[in-house]
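J.:
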Amino acid sequence: MTFPIVAERTPTAGADFAELSFERPSMFRSVILLLSGNALGSLMLLARNLLVARLVSVEDYGIAATFAISMAIVEMASGLGLQQLIVQDKEGNDPRLQAGLHGFNLLRGLLSGAILFLLASPIAQFLGIPDVAWAYQMLALVPALRGFEHFDIHRLNRRMVYRPLILSKTVPAFLSVLSLWPLYQFFADYRVMLYAVLIQWACTVAASHLLAERPFRIRFDLNQSAHALSFGWPILVNNILLFAVFQGDKLIVGRELGIEALAIFAMGVTLTLTPTLVTAASETQFFLPQLSAAAQHRDRDRDRFAQLAAAAMQASLLSSLFLVLAVFAFGPPTIRLLLGAKYEALVPLLSWLAIQQAVRNLKVGCAIVALSRAHTSNAMIANTMRILVLPLAWYAATIWGDVLVVIWVAIAGEAIAFAVSLVLVHYRLSLDFGRVGVSLIAGVLAIATLATSAISTSTNTNGNWYLVVISLACLAIVAMNVRDLITVFRDAKTDWREN
160 MTFPIVAERT PTAGADFAEL SFERPSMFRS VILLLSGNAL GSLMLLARNL LVARLVSVED
220 YGIAATFAIS MAIVEMASGL GLQQLIVQDK EGNDPRLQAG LHGFNLLRGL LSGAILFLLA
280 SPIAQFLGIP DVAWAYQMLA LVPALRGFEH FDIHRLNRRM VYRPLILSKT VPAFLSVLSL
340 WPLYQFFADY RVMLYAVLIQ WACTVAASHL LAERPFRIRF DLNQSAHALS FGWPILVNNI
400 LLFAVFQGDK LIVGRELGIE ALAIFAMGVT LTLTPTLVTA ASETQFFLPQ LSAAAQHRDR
460 DRDRFAQLAA AAMQASLLSS LFLVLAVFAF GPPTIRLLLG AKYEALVPLL SWLAIQQAVR
520 NLKVGCAIVA LSRAHTSNAM IANTMRILVL PLAWYAATIW GDVLVVIWVA IAGEAIAFAV
580 SLVLVHYRLS LDFGRVGVSL IAGVLAIATL ATSAISTSTN TNGNWYLVVI SLACLAIVAM
640 NVRDLITVFR DAKTDWREN
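Convert by adding 159 to the 1-based position in the sequence shown; the result is the number in my numbering.
What follows is the structure in C-alpha cells.
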C-alpha cells in the first residue's frame with residue numbers, strides 16, 4: 160500500500176546504470192562539489208564540537224561525547240545500508256522500490272528510537288553518570304525522526320547529482336552551530352550539545368524533503384523488505400563491529416580511566432576521524448555509482464572496472480597519507496590554538512590517533528569496490544579482525560592505565576583488518592593488485608616510518624632525520640604510482656571542460 164505524504168512534483172527523468180556506464184557528465188565538477196560539500200558539512204560539525212569544548216568544562220564535554228556513543232548504538236542496531244542499496248541496485252530508480260525503502264526505513268527508525276529509549280538508563284549506569292539517563296532518552300527522538308528521511312537525495316547520486324545530498328548535510332550542520340550560543344545562554348553545560356544534535360537532525364530530515372524531486376511515498380512490501388534485509392544484513396553485522404571499532408575504545412577509556420580522560424580521547428578521535436570521514440564519504444559517493452555501472456557490464460568493460468577499482472584504492476591511500484602528514488606538521492599548534500591549555504594532554508596522543516585513523520581509512524577503497532559488486536560481507540569480515548583486539552585493549556587500560564597503550568593496540572587491530580580486506584578483494588572479486596601494489600607498499604612503509612619517528616620523538620632520542628628522508632622517499636614512490644587515479648581525474652577534468 161502507498162501513502163502520499165507531500166504534494167506531487169514532476170520528477171526529472173532518471174537514468175539507470177546502463178545509461179551511466181559510459182557517460183560521466185561533468186565528473187570534475189562532481190569531485191569538487193563532493194569534496195567541498197562533505198568537507199563543509201564535517202567542518203561545521205567539527206566547529207560545533209570545538210565550540211562546545213571551549214564553552215563547557217572538560218567533564219561536561221566528556222558527557223557530551225557519550226551522546227555519540229549512544230547514537231552509535233542505534234546505528235549499530237538498525238543500519239542496513241538502504242542509502243547504498245538505492246544507488247547500487249539496478250532497480251534503484253524504480254519509484255516502487257524507493258517507496259518500499261521509505262516504509263522499511265520508517266519501521267526501522269521507530270524501532271531504533273524505542274531501543275535507545277530502553278537502553279538510556281543502562282548506558283548511563285555503565286558510564287557512571289546515572290543522572291544523565293534522561294538525555295539519552297531525549298536522543299531517542301533522532302532515529303525516530305530519521306525514519307522519515309526522503310531517499311531521493313541518495314537516489315539522485317545514480318545520475319551523479321550530488322547537490323541535494325550536500326545541501327541536506329551542510330545547511331542543518333550550519334544551523335546547529337548557530338544554535339550553540341543561544342543554547343549556552345540557557346544551559347551552559349552538556350545540554351548545549353544535546354539540543355544542538357536534535358536541531359541538526361530535525362533540519363536534516365526537513366531538508367531531505369525540500370530538496371527531493373519525487374513525492375514522499377511509503378510502501379510496506381514484504382518482498383522488498385526481504386531484498387533489503389538480504390542486501391543489508393552483512394552491513395548490519397558490520398555496523399555492530401563498527402560500533403565496537405569506533406566506540407569500543409571510548410567505552411574502555413571512559414569506564415576505566417574516567418570521564419575527563421574520555422573527553423581528551425574523544426576530542427582527539429574527532430579531530431583525526433573527521434577528515435577521513437569527509438574523504439571516505441566523497442570517495443563512496445563518487446566511485447560507487449561508476450563502479451556499480453561498470454560491474455554490471457564487466458564482461459565487456461572489465462578494464463574500466465579494474466581502473467576504477469584501482470583509483471578508489473589509491474584515493475583512500477592518498478587521503479590516509481595526507482592526514483598523517485597534516486597532523487604531524489600542524490597538530491600540536493592547532494590543539495593549543497583552538498582548545499587552550501585544558502586540552503594540553505591531547506598533544507602527545509594526536510599523532511598516534513592520526514596513524515590509527517589513517518590505517519583504518521586504507522580499507523575504504525576495498526569496501527567501495529566490494530560494495531559495487533554487492534559483496535557487503537567483506538567489510539564485516541575485515542572488521543571482525545579489528546574487534547578481536549578489543550579485549551587486549553581493555554586489559555591494557557586496566558593494567559597500565561594509559562590511553563596511549565589503548566591506541567597502539569587499536570593500530571595493530573586496524574592493520575590486521577586492512578590486510579584481511581585486501582585478501583578478500585583479491586580472492587572474492589578476482590582483482591589483480593598489479594595496478595596498486597607498489598603504491599600500497601610504499602604508502603604503508605611511509606606510515607610505518609612516521610610511526611617510528613613518533614616513537615623516537617616521544618623517547619627524546621636524536622638523529623631521526625633519516626626517518627624523515629625514508630618517509631619522503633616512500634611518498635615520492637606513491638605519487639609516481641597512482642596512474643589510475645590521475646587518469647580518472649584527468650578524464651573528469653576533460654569532461655568538465657567539454658561540458
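Quick reminder that beta carbons are idealized off the backbone N, C-alpha and C, glycines included.
Treat the numbers as computed from the prediction; the structure is a model and nothing was measured.
What is the residue span of the beta strand (DSSP E) that arginine 376 lies within?
T.: Counting along the chain, the beta strand (DSSP E) containing arginine 376 begins and ends at 376–378.
J.: Taking DSSP as the reference, what is the three-state secondary structure of methionine 426?
T.: Of the three classes helix, strand and coil, the one that applies to methionine 426 here is helix, per DSSP.
J.: In chain order, what residues of the same chain lie with their CB nearer than 7 Å to the CB of alanine 366, ignoring the 5 residues before and after it?
T.: The answer, listed in chain order, is Leu326, Ser327, Val330, Pro331.
J.: Taking the alpha carbon of leucine 450 as the point to measure from, which residue in Tyr625, Leu256, Arg373, Arg317 has its own alpha carbon closest?
T.: Nearest of Tyr625, Leu256, Arg373, Arg317 to leucine 450, Cα basis: Arg317.
J.: For leucine 480 and glycine 196, I'd like the C-alpha separation in whole angstroms.
T.: Each residue's Cα considered, the two are about 21 Å apart.
J.: Compare the Cα-Cα distances from leucine 381 to each of Gly259, Thr438, Gln455, Ser280 and report the closest residue.
T.: Among Gly259, Thr438, Gln455, Ser280, the Cα nearest to that of leucine 381 belongs to Gly259.
J.: List, from N- to C-terminal side, the beta strand (DSSP E) runs of 3 residues or more that fit wholly inside the segment 425–506.
T.: The segment 425–506 contains no whole beta strand (DSSP E) run of 3 or more residues.
J.: Keeping to the same chain, check which residues put their C-beta closer than 8 Å to that of tyrosine 354; ignore five residues upstream and five downstream.
T.: Same-chain partners within the cutoff: Ser338, Leu342, Phe346.
J.: Hey, leucine 521 and leucine 476 are a contact pair by Cβ (cut 8 Å); roughly how many whole angstroms apart?
T.: With a Cβ gap of about 6 Å, leucine 521 and leucine 476 count as contacting.
J.: With a threshold of 16 other CB atoms inside 10 Å of the CB of asparagine 640, please say whether the residue is buried or exposed.
T.: The residue is buried, with at least 16 neighbouring Cβ atoms inside 10 Å.
J.: Nearest CA to the CA of phenylalanine 310: which residue from Pro323, Tyr586, Ile546, Val562?
T.: Checking every option, the nearest Cα to that of phenylalanine 310 belongs to Pro323.
J.: Please report the straight-line C-alpha distance between arginine 461 and glutamine 455, rounded to a whole angstrom.
T.: Arginine 461 and glutamine 455: Cα-Cα distance of roughly 10 Å.
J.: How do the segment 551–560 and the segment 591–610 stand: do at least 3 beta-carbon pairs fall below 8 Å, yes or no?
T.: As far as the Cβ criterion goes, the segment 551–560 does not touch the segment 591–610, which means the pair count is below three.
J.: When we look at the beta-carbon of glutamine 344 and count the other beta-carbons within 10 Å, is it buried (16 or more) or exposed?
T.: Classification of glutamine 344: exposed, given that the 10 Å Cβ count is below 16.
J.: At which residues does the alpha helix (DSSP H) containing tyrosine 349 begin and terminate?
T.: That residue, tyrosine 349, is in no alpha helix (DSSP H); it is neither H nor E in DSSP.
J.: Taking all protein chains shown into account, decide if valine 628 is buried (16 or more other Cβ within 10 angstroms of its Cβ) or exposed.
T.: Flag for valine 628 reads exposed.
J.: Going by Cα to Cα distance, which pick from Glu250, Leu530, Leu256, Ser580 is closest to arginine 378?
T.: Of Glu250, Leu530, Leu256, Ser580, the residue nearest in Cα terms is Leu256.
J.: What separation, rounded to the nearest whole angstrom, lies between the Cα atoms of leucine 300 and phenylalanine 263?
T.: Going from the Cα of leucine 300 to the Cα of phenylalanine 263 covers about 18 Å.
J.: Just to confirm the assignment, what range does the alpha helix (DSSP H) spanning asparagine 542 have?
T.: 536–546 is the extent of the alpha helix (DSSP H) around asparagine 542.
J.: CA-CA distance, isoleucine 514 and alanine 224?
T.: Distance between the alpha carbons of isoleucine 514 and alanine 224 is about 21 Å.
J.: Cutting at 8 Å between CB atoms, please list the residues of its own chain near leucine 563, excluding the five before and the five after it.
T.: Result list for leucine 563: Pro507, Leu508, Trp511, in chain order.
J.: Can you tell me the Cα-Cα spacing of tryptophan 293 and alanine 607, whole angstroms?
T.: When rounded, the distance between both Cα atoms is 44 Å.
J.: Measuring CB to CB, does threonine 433 end up less than 7 Å from leucine 199?
T.: Contact flag unset, no.
J.: Only counting the same chain, and skipping five residues up and downstream in sequence, which positions put a Cβ closer than 7 Å to that of leucine 484?
T.: Here the set comprises nothing.
J.: Considering only their Cβ atoms, is the gap separating valine 291 from isoleucine 222 smaller than 7 Å?
T.: Taking 7 Å as the Cβ cut-off, isoleucine 222 and valine 291 qualify as a contacting pair.
J.: For the putative contact between leucine 453 and arginine 463, defined by C-beta atoms under 8 Å, what is the C-beta separation to the nearest angstrom?
T.: Looking at the sequence shown, residue 453 is not leucine but alanine. So it is a contact: roughly 5 Å between Cβ atoms.
J.: Go to tyrosine 273, then tell me how far its alpha helix (DSSP H) extends in each direction, as first and last residue.
T.: First, the residue type needs correcting, since residue 273 is alanine and not tyrosine in the sequence shown. Alanine 273 -> alpha helix (DSSP H) spans 254–285.
J.: Where does leucine 370 sit, in a helix, a strand or coil, going by DSSP?
T.: It is coil, neither helix nor strand.
J.: Counting C-beta neighbours from all protein chains within 10 Å, is the total for alanine 425 16 or more, i.e. buried, or is it exposed?
T.: The residue is buried, with at least 16 neighbouring Cβ atoms inside 10 Å.
J.: Can you tell me where the alpha helix (DSSP H) with alanine 533 in it begins and where it stops?
T.: Looking at the DSSP string, alanine 533 is not in any alpha helix (DSSP H), and its letter there is neither H nor E.
J.: Quick one: what's got a C-beta closer than 6 Å to arginine 587's C-beta in the same chain, skipping five residues either side?
T.: Excluding sequence neighbours, arginine 587 sits near His534.
J.: Let me make sure I understand the geometry here. Which of Ala541, Glu442, Phe487, Glu415 has the alpha-carbon closest to that of isoleucine 527?
T.: Isoleucine 527 has its Cα closest to that of Glu442, out of Ala541, Glu442, Phe487, Glu415.
J.: Using the Cα positions of glutamate 372 and aspartate 253, report the straight-line distance between them to the nearest angstrom.
T.: In a straight line, the C-alpha of glutamate 372 is about 13 Å away from that of aspartate 253.
J.: By how many angstroms is the C-alpha of arginine 267 removed from the C-alpha of proline 374?
T.: Looking at the two C-alpha atoms, the distance is approximately 20 Å.
J.: Taking DSSP as the reference, what is the three-state secondary structure of aspartate 290?
T.: Three-state DSSP puts aspartate 290 in a helix.
J.: Assuming alanine 539 and valine 579 make a contact with CB atoms under 8 Å, what is their CB distance in whole Å?
T.: Note that residue 539 is methionine in the sequence shown, not alanine. Not really, about 11 Å apart at Cβ, beyond 8 Å.
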